Amino acid sequence: MAKLALINRDKKRRKTVAKFAARRAALLAIINDAKRSDEERQEAREKQQQLPRNASPVRLRNRCSLTGRPRGVFRKFGLGRNKLREIALRGEIPGLIKASW
4 MAKLALINRD KKRRKTVAKF AARRAALLAI INDAKRSDEE RQEAREKQQQ LPRNASPVRL
64 RNRCSLTGRP RGVFRKFGLG RNKLREIALR GEIPGLIKAS W
């Protein structure tokens with residue numbers, strides 16, 4: 004189990020990313036628009052730098068929703084490999100079966 008502080012930090016970052024997503028997307032559109040003037044694009048860059056660091060989605064970490072494990076997490080299920088295996092073997096995930104050939 005991951006430390007509770009790390010799990011809470013990631014949850015807080017996810018809220019911050021969601022809160023600033025629209026504003027961040029608008030600024031990025033201005034920055035990447037070559038038709039805009041250089042001054043306008045520079046102003047948008049400066050506004051983007053004023054946003055909180057945790058508003059950037061790059062700072063998010065995929066964690067297991069049950070254990071908080073940071074590695075070996077399947078995005079589709081949001082679970083770490085160990086918990087995914089346990090739950091799948093109990094048959095609690097519809098359509099997921101153990102491979103055999």
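Under my numbering, the residue at position 27 of the sequence shown is numbered 30, and the numbers go up by one with no gaps. The beta carbon of each residue, even a glycine, is placed where N, CA and C say it ideally should be. Note that this is a predicted model, so its numbers are computed, not measured.
Span of the alpha helix (DSSP H) around residue i
i          : result
residue 7  : 7 to 35
residue 91 : 84 to 92
residue 44 : 41 to 53
Contact belief for residue i with residue j at Cβ below 8 Å, rounded distance in angstroms
i          : j          : result
residue 50 : residue 67 : Wrong, their Cβ atoms sit about 36 Å apart, outside the cutoff.
residue 16 : residue 57 : 5 Å
Beta-carbon proximity check, residue i vs residue j, cutoff 8 Å
i          : j          : result
residue 44 : residue 34 : yes
residue 72 : residue 5  : yes
residue 69 : residue 47 : no
residue 13 : residue 63 : yes
Where residue i falls, given that 16 or more other Cβ within 10 Å makes a residue buried
i          : result
residue 82 : buried
residue 76 : buried
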